[in-house]
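Trainee: Please read through the structure below; I'll follow up with questions.
There are 4 protein chains.
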Amino acid sequence: MIHTGRHFLQIPGPTNVPDRVLRAMDRPVIDHRGPEFAILGKEILAGMAAIFATSSPVIIYTSSGTGACEASLANTLSPGDRVLIFETGHFSAIWRQIGERLGLAVTYIPGDWRRGASAAEAEARLRADSSHVFKAVVVVHNETSTGVTSKIAELRRVMNQLGHPALLIVDAISSLASIDYRHDEWRVDVMVCGSQKGLMLPPGIGLNVVSAKALEASKRSRFPRSYFDWASIIAANAQGFFPYTPPTLMMFGLREALALLREEGLENVFARHARLAEATRCAVVAWGLEILATDPRERSNTLTAIVVPEGVDADVIRTTILERFDMSLGVGLGKLKGRVFRIGHLGSFNELMLAATLCGVQMGLRLCDVPIGDGVGAALEFLTAPKSGAAQRAPALV
Amino acid sequence: MIHTGRHFLQIPGPTNVPDRVLRAMDRPVIDHRGPEFAILGKEILAGMAAIFATSSPVIIYTSSGTGACEASLANTLSPGDRVLIFETGHFSAIWRQIGERLGLAVTYIPGDWRRGASAAEAEARLRADSSHVFKAVVVVHNETSTGVTSKIAELRRVMNQLGHPALLIVDAISSLASIDYRHDEWRVDVMVCGSQKGLMLPPGIGLNVVSAKALEASKRSRFPRSYFDWASIIAANAQGFFPYTPPTLMMFGLREALALLREEGLENVFARHARLAEATRCAVVAWGLEILATDPRERSNTLTAIVVPEGVDADVIRTTILERFDMSLGVGLGKLKGRVFRIGHLGSFNELMLAATLCGVQMGLRLCDVPIGDGVGAALEFLTAPKSGAAQRAPALV
Amino acid sequence: MIHTGRHFLQIPGPTNVPDRVLRAMDRPVIDHRGPEFAILGKEILAGMAAIFATSSPVIIYTSSGTGACEASLANTLSPGDRVLIFETGHFSAIWRQIGERLGLAVTYIPGDWRRGASAAEAEARLRADSSHVFKAVVVVHNETSTGVTSKIAELRRVMNQLGHPALLIVDAISSLASIDYRHDEWRVDVMVCGSQKGLMLPPGIGLNVVSAKALEASKRSRFPRSYFDWASIIAANAQGFFPYTPPTLMMFGLREALALLREEGLENVFARHARLAEATRCAVVAWGLEILATDPRERSNTLTAIVVPEGVDADVIRTTILERFDMSLGVGLGKLKGRVFRIGHLGSFNELMLAATLCGVQMGLRLCDVPIGDGVGAALEFLTAPKSGAAQRAPALV
Amino acid sequence: MIHTGRHFLQIPGPTNVPDRVLRAMDRPVIDHRGPEFAILGKEILAGMAAIFATSSPVIIYTSSGTGACEASLANTLSPGDRVLIFETGHFSAIWRQIGERLGLAVTYIPGDWRRGASAAEAEARLRADSSHVFKAVVVVHNETSTGVTSKIAELRRVMNQLGHPALLIVDAISSLASIDYRHDEWRVDVMVCGSQKGLMLPPGIGLNVVSAKALEASKRSRFPRSYFDWASIIAANAQGFFPYTPPTLMMFGLREALALLREEGLENVFARHARLAEATRCAVVAWGLEILATDPRERSNTLTAIVVPEGVDADVIRTTILERFDMSLGVGLGKLKGRVFRIGHLGSFNELMLAATLCGVQMGLRLCDVPIGDGVGAALEFLTAPKSGAAQRAPALV
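Chains as they are written, first to last, in my numbering: chain A, -5 to 392; chain B, -5 to 392; chain C, -5 to 392; chain D, -5 to 392.
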């Protein structure tokens, strides 16, 4: 296949890596035990804490996001512990799989893949758990497979009201640095993230942010673990170092990505994502297609999953768009295969990249003979409407 | 200004440099007198000739395109020689200025900046010139300031029919490797080009392609010249070298750009430009705006200059689009200042980049309260119409 | 600190990343579930197998080498299993630590950090183990902390002769693609490696190569594991994919690194390392200093650890060299702190880079008033001696 | 040829481009008529003036250094004008050639290619020229073909004492930003330079720095010129722009190179060059070879030309070193072909890069059976001698 001009990578992550980040990584490796690295390491760890408004330790792994999921469980729990996981979609199913592989007892609260985690369900389950069997509640903040954002603050409120001591573990892989997330305010115990979404890096780094309570739990955890063990990492981090060879060039990229976020301002980053997401939703409505997320307040600002009409294969649409317009869209995962396609609108992204994306989708749908309205026109109208300035300030899902 | 996501550089050159070309240039410099450079130099010179279907020497200057313009005159003519230059726009005016600065006698055939060079006018002037006072005819193949393409083959036919011995000098700066150009078939004597348009490189290289007749003329030329002198360059080129330090990294980029053109196929490159240009014109028509080029057969496949309605300042539109959507459009040059803006749709460019461009223009026009129709919709329709496949094969302007 | 000119990164890994590899990684990320990635994934997996002359599966982790160590144990063993680990230096101690953290029973055969794994000791221990308590023998092929290479083939012979069924797990982190290693011939069960040494990539990838016997063992292993689990990776690899988001840009780098190794030829790569290592040893001898590795047949071809005279602090020498000459050398790890410094001479490395390295060390030693002879002269003599051609073919340590 | 590790580019320019400069150039092109470019252009022009301690205009050409030579003559003189050029070597011969090609009357003061421009000769010639026939004196500050630095200040004194009104044109191509050069203090009228030496950029930019007197002369100059004309460039520069498309990516590189020079400090840059040059000369003396430059006070701090013994072909040595050690050295130019080779020790360069270079030369000489002493040892001794700190402060050649 001949690529002419730019490929449009509009899957919901990995996202488009900004040139500045790529350039920051295109450089010689340095000694990870030398003074220059120590400065770099400290700068990044401080920068991460500042950006994410937390005073908790940030743990950087050479791993995918999935590795960081495992780390969150393996550091805090013990074999046989019971955890509550909300079924939100494909990635909650992966959490369940990880939990079960590790030997945890998983209570999987069923969901229809179109709604976020239910605070009411959580309340019922946790209220019934007077003996505090549940050691952790795991929730995916933003389900990358469905485009549904769960209300973490509401869950937290329920847990607070019940005084339930379970750890709150939040998968913020596709929300961090894109959708408002308040680690300390929401008293999240372990936040799980990766480098390749809102942080605008290539894949290669997994992250945990760890509360004091989680740290305390890690001392009692009886899981055999070494690579993902927090303690040795936190110890080495104090001097800016890592117990194992860190991904040096990714670290240079991460420093630059943090600079980009700081320059734009995190509030502006969130507002930009909200605005571009709303424009996307305007397009879907005008196309006459269905957004998978049924509750408007839960629709994700980082991706939109679109249900194709009966009789249409979403993968045929995706393939058509890839072959004709050199744009990658997200596949329907798990039971959504062929039923939805997903548009990623997060990371280093702007109005015209979104416009191109929507044009590509609109043309692809027409080439596949899906009868649709003019979504592009609706999105452009939204983006130029006087009121859209107001829409920039997205209400936090609290 | 915070750039988030990609800037859209949609001026009619410099064009977007493909990542592969940037990467080819991001490397250590090598000895320009060593064996590795000799191989590189020969490979590029052969590749240029092949791509441009010429057996004539290709001269590579470290210069802007303007330097290559001067070179074409300084190598072939002598002070006081009379040359015929067609007024096609701002860049023909620069040719006139260069000619006059060099001390040539310029006959500047007037034009209205909306039409190409007139073969009829050429015929009249050259027929009247029985004593062969005109030593050269200079024509801009594709006027970058107006988006008008002149019919070189027709001019050549006139010159042939009259048996006029003047040299034919063609400025192909914004047409080469984008619009069909036939150096040998059209018997062009000096082709003038630069690196930063269809060749998809950054600015930094100027080019001449030189016929045997032009080479012969250069021996009689009495202009003082050194840097731009063809003879010493051609001599050194035989071994793959250059008489002066060549722009080494640009050469690596040029090798990669030639590979890209070869992989896509020059015919496909032309068809792609024709198709994207036609989509742009569909948009302009649907907007209800005027294309500066009045004759549909002369409308450029590499850029479109759009006339803004009376009372509107084109520069306000451009500035709005730059500030709101981070897209650069071409300014109205010379007497067109404020009256037109120009969309570049050439080089490393594809459907979705064009879609983004047109969306940006449409939103910018609306934000400036210019009453317009739905140009984007028209363009998307064209790009997905079954017949648009046929339109891919653009008729050569002959 | 002002860097002028190039930094010399002469730690024994991460090694200097070749420009071609850096450039291959400096590019847009692609969809890790799309057809282009599938081709890339398959190409890399096939290339790895070919380069390492194995028909066994190669497992690619987003991890440091340490992660791959853990993976080798967690996939093949069960809690409480007894493993035999040879004390060869700091990295064997890390193996012990990993083993103990995972809950394995470790028999740690003591060593003096100056010799390789003792086949005689192995024979004694395994012969005494008639009930086959030892489930695995773990050996570091090339101890990065000491510069000692162990004779894997000899160990294998012992195991074969005794018919002991323990798995043979080999840490080839600082030997792979630099020192002759024969996975299939030596019947290694799990090879553990990373990206940042002989593979010339930045850190970020950990590797396992897995024998059929190890694969069989993995089915019986009772360690809780998810991220490092071989089965799901091998399954996804069949289509060129990965179960979790792979480190896309590292994959492009890996493809280029494999191309570099193929172009040079693995035999030539080994010979080059042997030759540059021998030159280094000539220098150390001429300096009158002691090589930590006592047995000449075990001296590593990828790094040399040099013992400083009594009363000298090796870290003062390292710091002097870093500050005066912008060269990073390897620190003395664990109990060797302050007693040795280590020169890395592996990866993308050549005669003049070695010459610079040795000059830097010689000047640093003199600035620290260590009385030494002319090591540089000896190395240069070796490198230009007619006989040094013969020395290029290093005898395999078998 | 397989490159393993880094190529050593030790010709006296183009020099090794620092990674930071390469990375600054590896980025998207921007609109050269837009507001972002205006800021860049102004910043660079101001930075150049500051670095070169001049209040005169700096002219940036897309050209090789040779183009900037032509520009200096074509802007200030008229056909038939007489100029005085000192024969210092191959590059003074190119100046003569350019002058003659342009139609100037050249008085070429003979030299033996081993000495700098003779102030005594200058005095004799200019004193005899009471009618001020000489319109310009052209001198190469640092002859790249011979490694001889001429005393510009002394020449200036002679001209001052005689009150001779000729323009002083200085070729600082291989001295600028490496050897002390004082544009305003020495009252140089036109300084000629290129990007690829001390400025550490790839080739592609030529420079003039222009005194008020030269600017005045340019108004009377009758050479036909357009591309190289100062007036239109200076006019456009006032707004940060250029009359023709500037080499955008080179401009980003230039900004970064100026930052590098500023960070190190120009005095330190000069001292570093002096120190590394002196180390090189120590090596040549110890080898028992002859430095081409006969007067120690004129030996260049940016390159050293070394005379090979009778019966030895310098090109065989160079080829041997290139093929065996992947290092490029400077060829003997013009009448020095085969008699000398040249070591470039300028630009982004440090002690260990020099050590590698000298080791490569020493090994190459030995492989070619040239009987030599231990130059490397002498250089290392110099570089670590307590007194070498003093040598860092090179006496300005005044």
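Note that beta-carbon positions come from the ideal geometry of N, C-alpha and C, so glycine has one too.
Could you compute how far the alpha carbon of B:HIS339 sits from the alpha carbon of B:HIS267?
Mentor: Within the second sequence, numbered from 1, the residue matching residue 339 of chain B stands at position 345. Within the second sequence, numbered from 1, the residue matching residue 267 of chain B stands at position 273. Near 7 Å, if we compare the C-alpha coordinates of B:HIS267 and B:HIS339.
Trainee: Counting beta carbon pairs with one atom in the region 47 to 60 of chain C and one in the region 26 to 41 of chain A, are three or more of them shorter than 8 Å?
Mentor: Touching, no, given that fewer than three Cβ pairs across the two stretches are closer than 8 Å.
Trainee: In whole angstroms, what separates the C-alpha of D:ALA44 from that of D:LEU348?
Mentor: On the fourth sequence, residue 44 of chain D is found 50 positions in, with the first residue counted as 1. On the fourth sequence, residue 348 of chain D is found 354 positions in, with the first residue counted as 1. A straight line joining the alpha-carbon of D:ALA44 with that of D:LEU348 spans about 29 Å.
Trainee: In three-state terms, what does DSSP make of D:GLY93?
Mentor: Start at 1 with the first residue of the fourth sequence, and residue 93 of chain D comes out as number 99. Helix.
Trainee: In this structure, how does DSSP classify B:MET321 when only helix, strand and coil are distinguished?
Mentor: Numbered from 1 along the second sequence, position 327 holds the residue referred to as residue 321 of chain B. Correct three-state label for B:MET321: strand.
Trainee: Is any beta-carbon of chain D found at less than 8 Å from that of C:MET19?
Mentor: In the third sequence, residue 19 of chain C corresponds to position 25, counting from 1. Cβ-Cβ to chain D under 8 Å: no for C:MET19.
Trainee: Looking at the structure shown, is D:GLY367 part of a helix, part of a strand, or coil, going by DSSP?
Mentor: One-based indexing of the fourth sequence puts residue 367 of chain D at position 373. Residue state, collapsed to three classes: coil.
Trainee: To the nearest angstrom, how far is the alpha carbon of B:GLU272 from that of A:GLU257?
Mentor: Along the second sequence, one-based indexing puts residue 272 of chain B at 278. Along the first sequence, one-based indexing puts residue 257 of chain A at 263. Taking the straight line from one Cα to the other gives about 40 Å.
Trainee: With a threshold of 16 other CB atoms inside 10 Å of the CB of D:GLN233, please say whether the residue is buried or exposed.
Mentor: By one-based count along the fourth sequence, residue 233 of chain D stands at place 239. Its Cβ having fewer than 16 others within 10 Å, D:GLN233 is exposed.
Trainee: Using a Cβ-Cβ distance cut-off of 8 Å, determine whether A:PRO196 contacts chain D.
Mentor: One-based indexing of the first sequence puts residue 196 of chain A at position 202. So no, A:PRO196 is outside the interface.
Trainee: Identify every run of the beta strand (DSSP E) within the region 93 to 120 of chain C, keeping only runs that are complete inside it and at least 3 residues long; order them along the chain.
Mentor: 99 to 103
Trainee: Which residue comes first and which comes last in the alpha helix (DSSP H) that contains B:LEU359?
Mentor: Stepping through the second sequence from its first residue, residue 359 of chain B is reached at position 365. B:LEU359 -> alpha helix (DSSP H) spans 345 to 361.
Trainee: Measuring CB to CB, does C:GLY192 end up less than 8 Å from C:ALA225?
Mentor: The residue you call residue 192 of chain C lines up with position 198 of the third sequence. The residue you call residue 225 of chain C lines up with position 231 of the third sequence. No; because the gap between Cβ atoms is not below 8 Å, this pair is not in contact.
Trainee: What does A:VAL310 pair with, by DSSP beta-bridge criteria?
Mentor: Start at 1 with the first residue of the first sequence, and residue 310 of chain A comes out as number 316. In DSSP, A:VAL310 forms no bridge with anything.
Trainee: Closest to B:VAL77 by C-alpha separation, out of B:ALA111, B:HIS126, B:PHE31 and B:GLY105, would be which residue?
Mentor: Translated into the one-based positions of the second sequence, residue 77 of chain B becomes position 83. Ranking the options by Cα distance to B:VAL77, first place goes to B:HIS126.
Trainee: Taking Cβ-Cβ distances shorter than 7 Å, what residues in chain A pair up with B:GLN356?
Mentor: Numbered from its first residue, the second sequence carries residue 356 of chain B at position 362. Proximity of chain A to B:GLN356 at the Cβ level (cut-off 7 Å) is accounted for by LEU374, in chain order.
Trainee: What residues match up with B:ASN136 in a beta bridge as DSSP calls it?
Mentor: Along the second sequence, read from residue 1 onward, the residue named residue 136 of chain B stands at position 142. In DSSP, B:ASN136 forms a bridge with B:THR143.
Trainee: Out of curiosity, what's the CA-to-CA distance linking C:ALA379 and C:GLY324?
Mentor: Your numbering for residue 379 of chain C matches position 385 in the third sequence. Your numbering for residue 324 of chain C matches position 330 in the third sequence. Each residue's Cα considered, the two are about 29 Å apart.
Trainee: Residues of chain B with CB under 7 Å from A:ILE426, in chain order?
Mentor: Absent from the structure is residue 426 of chain A, since the part of chain A shown begins at -5 and ends at 392.
Trainee: Can a CB atom of chain B be found closer than 8 Å to the CB of A:LEU71?
Mentor: The residue given as residue 71 of chain A occupies position 77 in the first sequence. For A:LEU71, the answer is no, since every Cβ of chain B falls outside 8 Å of its Cβ.
Trainee: Does the distance from the C-beta atom of B:PHE430 to that of B:ASP174 stay below 8 Å?
Mentor: Nothing can be reported for residue 430 of chain B, as the shown portion of chain B is limited to -5 through 392.
Trainee: Cα-Cα, which of A:ARG119, A:ARG121, A:VAL184 and A:GLY83 is closest to A:LEU201?
Mentor: Along the first sequence, one-based indexing puts residue 201 of chain A at 207. Looking at the Cα atoms, A:VAL184 is the closest of the given residues.
Trainee: If you follow the alpha helix (DSSP H) that D:ILE228 is in, where does it begin and where does it stop?
Mentor: Walking along the fourth sequence from the start, residue 228 of chain D turns up at place 234. Membership of D:ILE228 in the alpha helix (DSSP H) is indicated by the continuous run 224 to 231.
Trainee: Determine, using beta-carbon pairs with one atom in the region 302 to 310 of chain D and one in the region 359 to 379 of chain D, whether at least three such pairs fall under 8 Å.
Mentor: yes
Trainee: Could you tell me whether the region 103 to 119 of chain C touches the region 139 to 153 of chain C, where touching means 3 or more Cβ pairs closer than 8 Å?
Mentor: yes
Trainee: Counting only C-beta atoms, is C:TYR102 closer than 8 Å to chain A at any point?
Mentor: Here residue 102 of chain C refers to the residue found at position 108 of the third sequence. For C:TYR102, the answer is no, since every Cβ of chain A falls outside 8 Å of its Cβ.
Trainee: Of all Cβ atoms in chain A, is any one closer than 8 Å to the Cβ of D:PRO29?
Mentor: Counting from one through the fourth sequence, the residue named residue 29 of chain D turns up at place 35. For D:PRO29, the answer is no, since every Cβ of chain A falls outside 8 Å of its Cβ.
Trainee: Can you give me the Cβ contacts of C:TRP180 inside the same chain, cut-off strictly under 6 Å, excluding the 5 residues immediately before and after it?
Mentor: Walking along the third sequence from the start, residue 180 of chain C turns up at place 186. Around C:TRP180: ILE146, ALA147 and ARG150.
Trainee: What residues of chain A sit near C:PHE217, judged by a beta carbon separation below 8 Å?
Mentor: Sequence index remark: in the third sequence, residue 217 of chain C carries index 223 (1-based). The contacting residues are PRO218.
Trainee: Which bits of chain B does A:SER342 rub up against, with CB to CB less than 7 Å?
Mentor: Here residue 342 of chain A is taken as the residue at index 348 of the first sequence, counted from 1. Within 7 Å Cβ-Cβ: THR(-2) and GLY(-1).
Trainee: Roughly how many angstroms separate the alpha carbons of A:SER49 and A:ILE300, rounded to a whole number?
Mentor: Taking the first sequence and counting its residues from 1, the one referred to as residue 49 of chain A is at position 55. Taking the first sequence and counting its residues from 1, the one referred to as residue 300 of chain A is at position 306. The straight-line gap from Cα to Cα measures roughly 38 Å.
Trainee: Cβ-heavy atom distance between A:ILE228 and the ligand FMN below 7 Å?
Mentor: Inclusion of the ligand FMN in the displayed structure is not the case, the ligand content being empty and no account of it being possible.
Trainee: Using CA coordinates, which residue listed in D:ASN136, D:GLU30 and D:LEU67 is at the minimum distance from D:HIS84?
Mentor: Within the fourth sequence, numbered from 1, the residue matching residue 84 of chain D stands at position 90. With distances taken between Cα atoms, D:HIS84 lies closest to D:ASN136.
Trainee: Does B:THR(-2) pass the burial test, meaning 16 or more other C-beta atoms within 10 Å, or should it be called exposed?
Mentor: The residue you call residue -2 of chain B lines up with position 4 of the second sequence. Counting the other CB atoms within 10 Å of its CB gives B:THR(-2) a total of 16 or more, which places it among the buried residues.
Trainee: Could you confirm whether any beta carbon from chain A is found closer than 8 Å to the beta carbon of B:CYS187?
Mentor: Residue mapping note: residue 187 of chain B aligns to position 193 of the second sequence, counting from 1. Judged by the 8 Å Cβ criterion, B:CYS187 is not in contact with chain A.
Trainee: How far does the beta strand (DSSP E) with D:ARG76 in it reach, from first residue to last?
Mentor: Along the fourth sequence, read from residue 1 onward, the residue named residue 76 of chain D stands at position 82. Note, D:ARG76: beta strand (DSSP E), 76 to 80.
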